[in-house]
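To start, the structure under review is shown below, and the notes come after it.
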Amino acid sequence: MQIREWPPSERPRERLLAAGAGVLTDAELLALFLGSGLSGMNAVDLARRLLDQAGGLRGLLDRPPARLAELSGLGPARAALLAAALELGNRHLAQGLARGEALTDPGRAGQYLARRLRALPYEVFACLFLDTRHRVVAFEELFRGTLDGAEVHPREVVQRCLAHHAAAVILGHNHPSGSPEPSAADRAVTARLRQALGLVDVRVLDHFIIGDGEPCSMARLGLL
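Note that the working numbering numbers the sequence shown so that position 110 is 298, with each residue one more than the last.
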């Protein structure tokens, strides 16, 4: 059955306009983007098939445009549009932080770090530098490693904090293995960084581990 034949209260577009995008499933959001389906398959059915082929929403959106185009029913034009839409979202979030917006919601920092680091095939350690009002001063990727890890040097982190006149910092790194659980090494590095940064009066507000699912906040776990 075509979507236009559905009751208005069940159509994704009408539901979004009435109650916001948050009420829609991943497949319904993707269907709105696709606009139409294939012969014998409406847009929601096509969206479900694409999500199944890609292994879910993350598997779909983490694909480069060339690999998106390989999915049956997507093609180069839709793949390019989807990649462009994702990049617009990334830039919107990045610009919101770059404008000096105060991070009153710690979850926003985790979301931002996840967008920047999650898809990388190697481990990256990054920092968000904040002023005394917790406004973002800068974002930097400081250390890169292999699939197994990145070596972190506290002295360099201290130097970058001083260069940005940062009063606080939010740390983040990705786990290419997919597990967001902090390892013993993660805890040890965080403790060393807190000690080193404390000597120059820079607070470590959080350390986010980026893997599958939601970013893991070490502060929320009581590990800071």
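A virtual CB, placed ideally from N, CA and C, is assigned to each residue, including glycine. Bear in mind the structure is a predicted one, so any value in this text is a computation, not a measurement.
Between residue i and residue j, how many whole angstroms is the CB-CB distance? I'm expecting something under 8 angstroms.
i: Pro403; j: Pro364; result: Between Pro364 and Pro403 the Cβ distance is about 15 angstroms, and since that is not below 8 angstroms, they are no contact.
i: Val345; j: Leu385; result: 7 angstroms
i: Ala326; j: His361; result: Not really, about 17 angstroms apart at Cβ, beyond 8 angstroms.
i: Asp389; j: Gly366; result: With a Cβ gap of about 36 angstroms, Asp389 and Gly366 do not count as contacting.
i: Arg348; j: Glu328; result: 6 angstroms
i: Val340; j: Phe331; result: 5 angstroms
Is it the case that the Cβ atoms of residue i and residue j are separated by a distance below 9 angstroms?
i: Glu311; j: Gly295; result: no
i: Val392; j: Leu350; result: no
i: Phe313; j: Ala273; result: no
i: Pro342; j: Leu301; result: no
i: Pro200; j: Leu212; result: yes
i: Leu234; j: Gly225; result: yes
i: Leu256; j: Leu245; result: no
i: Pro253; j: Ala268; result: yes
i: Ala354; j: Leu318; result: yes
i: Pro370; j: Ile397; result: yes
i: His322; j: Ala271; result: no
Which word fits residue i, buried or exposed, when buried means at least 16 other C-beta atoms lie within 10 angstroms of its C-beta?
i: Arg415; result: Since the first and last residues shown for the chain are 189 and 412, residue 415 lies out of range.
i: Glu216; result: buried
i: Gly298; result: buried
i: Ala265; result: exposed
i: Thr292; result: exposed
i: Thr378; result: buried
i: Asn278; result: exposed
i: Ser197; result: exposed
i: Leu387; result: exposed
i: His395; result: buried
i: Ala163; result: With the chain running from 189 to 412 in the structure shown, residue 163 is simply not present.
i: Ala231; result: buried
i: Ala290; result: exposed
i: Ser405; result: buried
i: Ala219; result: buried
Across which residues does DSSP place residue i in a beta bridge pair?
i: Gly360; result: Ala314 and Phe396
i: Val377; result: Bridge partners of Val377: none, in fact.
i: Met189; result: None; Met189 has no bridge partner.
i: Arg321; result: Per DSSP, none; premise fails for Arg321.
i: Leu226; result: Met229
i: Ser405; result: Phe396
i: Arg391; result: Ala356
i: Arg303; result: Its beta-bridge partners do not exist; DSSP assigns none.
i: Phe331; result: Phe313
i: Ala326; result: Phe317
### contact_flag[the stretch 370 to 378, the stretch 245 to 265] where n(CB pairs < 8 angstroms) is 3 or more
no
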